[in-house]
Ligand SMILES: Cc1cc2nc3c(=O)[nH]c(=O)nc-3n(C[C@H](O)[C@H](O)[C@H](O)COP(=O)(O)OP(=O)(O)OC[C@H]3O[C@@H](n4cnc5c(N)ncnc54)[C@H](O)[C@@H]3O)c2cc1C
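Protein chains in written order, with full-length UniProt numbering: chain C, 1 to 388; chain R, 1 to 256.
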């Protein structure tokens, strides 16, 4: 990695930290407890151009790479913030950028880059299609110059805080395709143009406090030109962004892990029990040290994956998946060590540990669960039989 | 309008200061822009945005101080100059002579700087530079405006406010409360990377090093002694007063 690049990384860290430092942990606690979207923070990040970082310069962004994106997310989480609230604006546009028509890109990307338009919802998961995306039942039928969409989605984030959303729907039913990954199409829905009643959203309360929803589509009309990529190839339009997404998510997880190490060390060094700082006890100190080492190892693999990705090395995908697994596991182990260090205070909301712990735990499940990465590595890297 | 802003890189105020062989240990230390200079920088850029003009930032310091200038470029400064010639480093006397030589290379209508640097706390460079240039200066300002071609500032005087008018060119030093410094945007950072920073040495500035040799010398540095735990007097008021007088007489020896 060249000196110039690390220089840039340092600038990114400092730039993002400057913004984060103006939003303290109580800000995030309030946002969480009151189920309030952190609009002020997102606006500050947007105005300073951070959420348009990955959009190429010709569409009004800064054209940074995915490792840089990962660092942005890492710093938000490390500061005690919740990167999940902004990560989607950073990268949901990826599929549009890679596969959208030039007209769609010109119409939307510059406004996404400036933050005027929010594209931070991606509707994939359905009650009967979680991990197995090919089972989605939401159906899109072409009628003239429109698609008519019916079906439902679950666990859809930020629906009430977005202007645009990406939506996966079947254009050909599962029993009529040669390969189960065929027949799925990707749509860009402009919520501002959707008449009342065509999308119904019911909020789902979660421990994470965010804006999570169940969506119902009732004859939702989407202009045919809002199809991204070819009809029936939607899953591929999404999957080829997977490696990049794993890199970004790894950064997010890493930031959580570093947050917990910072917190555990600071608090533990000051908390006196039995006349000595609790970190003087090996039972407290060693798990923190161990989690720190795991984080550093995971971070090293993340940088390796990012380097390979930039060099178009075909093994980048495996490394990025492994980095995602290791970063989220290491972050969770750091969360555990930190929680133990805080003792009873970890349960008190004003210490922030429980909130960050929940966010960190969730990263082992969404957007991809650790099990699925294990099966990927088993099958595709180590050539063992497919486990399911 | 031409605006000059003086920047100094200082220790991060959150850094632990350590002495090593009587010298401040600079290894692994994080540097920041002197917080008062941040206000100066913000005001310079804000004035440019409001009234038009061009802002130049200058720092006298080692290569690491370039990052302060990059930050300045990222938040909207147009030109950046570093005087990184070690033979020109020195005390406030030396530095203000060097800055005067830089300022004389152009003609500035306004010069902004912090009212003091948080490391040595001398608060001398601004006024000294103004004297070198033969222009007026106003220190510790908390508000800045331009009205009918005149500068109108509010100055903090130990809690009271003075309103002062001055003709340009003028040098002002920034006090806390002047503004809220902005943070750099990502496009700003990217643009700053592409700009060049001008480097100046004694020769470029036509400076005779002997003539500007420092007037002061650091003869020793030590950390302040750790505060000892205080003593809480007990008993009723009479007893406490009695004990206090005893202590002042026998221990502190301030009453005879
Ligand atoms: C807060 C939150 C926000 C979300 N936001 C969005 C969103 O914005 N958009 C969206 O589309 N979705 C979103 N999701 C959904 C998320 O992506 C899914 O929860 C996830 O894909 C898993 O699907 P599932 O919950 O149906 O689990 P299931 O598919 O029911 O799986 C349950 C468990 O079984 C494991 N498992 C399943 N199959 C196998 C196998 N073959 N081998 C080993 N283990 C297996 C899984 O790994 C998992 O641990 C969100 C979820 C949450 C909780």
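Every residue, glycine too, gets a C-beta built ideally from N, C-alpha and C.
Out of the options, which one is the CA nearest neighbour of residue i?
{"i": "residue 81/C", "options": "112/C, 99/C, 49/C, 42/C", "result": "42/C"}
{"i": "residue 231/C", "options": "132/C, 161/C, 367/C, 187/C", "result": "187/C"}
{"i": "residue 170/R", "options": "162/R, 149/R, 185/R, 58/R", "result": "149/R"}
{"i": "residue 268/C", "options": "192/C, 346/C, 243/C, 214/C", "result": "346/C"}
{"i": "residue 26/R", "options": "64/R, 201/R, 41/R, 213/R", "result": "64/R"}
{"i": "residue 208/C", "options": "311/C, 6/C, 31/C", "result": "31/C"}
{"i": "residue 93/R", "options": "217/R, 249/R, 197/R, 256/R", "result": "217/R"}
{"i": "residue 152/R", "options": "141/R, 158/R, 234/R, 164/R", "result": "164/R"}
{"i": "residue 170/C", "options": "54/C, 337/C, 241/C, 233/C", "result": "233/C"}
{"i": "residue 317/C", "options": "135/C, 218/C, 241/C", "result": "241/C"}
{"i": "residue 213/R", "options": "32/R, 2/R, 98/R", "result": "98/R"}
{"i": "residue 128/R", "options": "108/R, 161/R, 157/R, 173/R", "result": "173/R"}
{"i": "residue 122/R", "options": "139/R, 109/R, 144/R", "result": "139/R"}
{"i": "residue 167/C", "options": "150/C, 180/C, 324/C", "result": "150/C"}
{"i": "residue 333/C", "options": "292/C, 323/C, 321/C", "result": "292/C"}
{"i": "residue 33/R", "options": "196/R, 21/R, 47/R, 57/R", "result": "57/R"}
{"i": "residue 10/C", "options": "200/R, 193/R, 175/R, 95/R", "result": "193/R"}
{"i": "residue 60/C", "options": "116/C, 235/C, 39/C, 28/C", "result": "116/C"}
{"i": "residue 322/C", "options": "132/C, 372/C, 114/C", "result": "372/C"}
So for residue i, helix, strand or coil by DSSP?
{"i": "residue 147/C", "result": "strand"}
{"i": "residue 277/C", "result": "strand"}
{"i": "residue 127/R", "result": "helix"}
{"i": "residue 18/R", "result": "coil"}
{"i": "residue 368/C", "result": "coil"}
{"i": "residue 12/C", "result": "helix"}
{"i": "residue 59/R", "result": "strand"}
{"i": "residue 150/R", "result": "strand"}
{"i": "residue 135/C", "result": "helix"}
{"i": "residue 17/C", "result": "helix"}
{"i": "residue 88/R", "result": "helix"}
{"i": "residue 143/R", "result": "strand"}
{"i": "residue 122/R", "result": "coil"}
{"i": "residue 114/R", "result": "strand"}
{"i": "residue 3/C", "result": "Legend: pLDDT at residue 3/C = 42, less than 50; position of this residue unreliable, no value from coordinates given."}
{"i": "residue 352/C", "result": "coil"}
{"i": "residue 248/C", "result": "helix"}
{"i": "residue 160/R", "result": "strand"}
{"i": "residue 228/R", "result": "coil"}
{"i": "residue 166/R", "result": "strand"}
{"i": "residue 172/C", "result": "coil"}
{"i": "residue 272/C", "result": "strand"}
{"i": "residue 87/C", "result": "helix"}
{"i": "residue 51/C", "result": "helix"}
{"i": "residue 99/C", "result": "helix"}
{"i": "residue 23/R", "result": "strand"}
{"i": "residue 71/R", "result": "helix"}
{"i": "residue 137/R", "result": "strand"}
{"i": "residue 254/R", "result": "coil"}
Which residues does DSSP list as the beta-bridge partners of residue i?
{"i": "residue 227/C", "result": "187/C"}
{"i": "residue 203/C", "result": "213/C"}
{"i": "residue 440/C", "result": "Residue numbering for chain C in the displayed model covers 1 to 388; residue 440/C lies beyond these limits and cannot be assessed."}
{"i": "residue 122/C", "result": "166/C"}
{"i": "residue 200/R", "result": "83/R"}
{"i": "residue 10/R", "result": "32/R"}
{"i": "residue 220/C", "result": "149/C"}
{"i": "residue 233/C", "result": "184/C"}
{"i": "residue 3/R", "result": "55/R, 110/R"}
Is there contact here, the segment 135–148 of chain C with the segment 211–226 of chain C, by at least three beta-carbon pairs under 8 Å?
yes
Report yes or no: do the segment 59–72 of chain C and the segment 297–309 of chain C share at least 3 C-beta pairs separated by less than 8 Å?
yes
Along the segment 62–83 of chain C, what residues have a CB closer than 7 Å to any CB found in chain R?
62
So does the segment 321–334 of chain C actually touch the segment 266–284 of chain C, counting three or more Cβ pairs closer than 8 Å?
no
Residues of the segment 187–218 of chain R with Cβ closer than 9 Å to any Cβ of chain C, in chain order:
The segment 187–218 of chain R vs chain C, Cβ under 9 Å: 187, 188, 189, 190, 192, 193.
Indicate whether the contact test is met: 3 or more Cβ pairs, each with one atom in the segment 354–366 of chain C and one in the segment 61–76 of chain R, closer than 8 Å.
no
Tell me which residues of the segment 235–254 of chain C have at least one Cβ-Cβ distance to chain R shorter than 8 Å, keeping chain order.
The segment 235–254 of chain C vs chain R, Cβ under 8 Å: nothing.
Taking any Cβ of chain C, which residues in the segment 161–191 of chain R have a Cβ under 7 Å from it, in chain order?
183, 184, 185, 186, 187, 189, 190
Sufficient close CB pairs (3 or more, under 8 Å) joining the segment 38–54 of chain C to the segment 76–90 of chain C:
Contact between the segment 38–54 of chain C and the segment 76–90 of chain C is present, because at least three Cβ pairs lie under 8 Å.
Tell me which residues of the segment 32–51 of chain C have at least one Cβ-Cβ distance to chain R shorter than 8 Å, keeping chain order.
47, 48, 49, 50
For the UniProt domain "Acyl-CoA oxidase/dehydrogenase middle" (121–218) of chain C, enumerate the residues whose C-beta is nearer than 7 Å to any C-beta of chain R, in chain order.
none
Does the pairing of the segment 272–283 of chain C with the segment 241–252 of chain C give three or more beta-carbon distances under 8 Å?
no
Anything in the segment 10–24 of chain C with a Cβ closer than 7 Å to a Cβ of chain R? List those residues in chain order, please.
11, 15, 18, 19
Decide if the segment 110–117 of chain R is in contact with the segment 241–256 of chain R; the criterion is three or more beta carbon pairs, one per stretch, under 8 Å apart.
no
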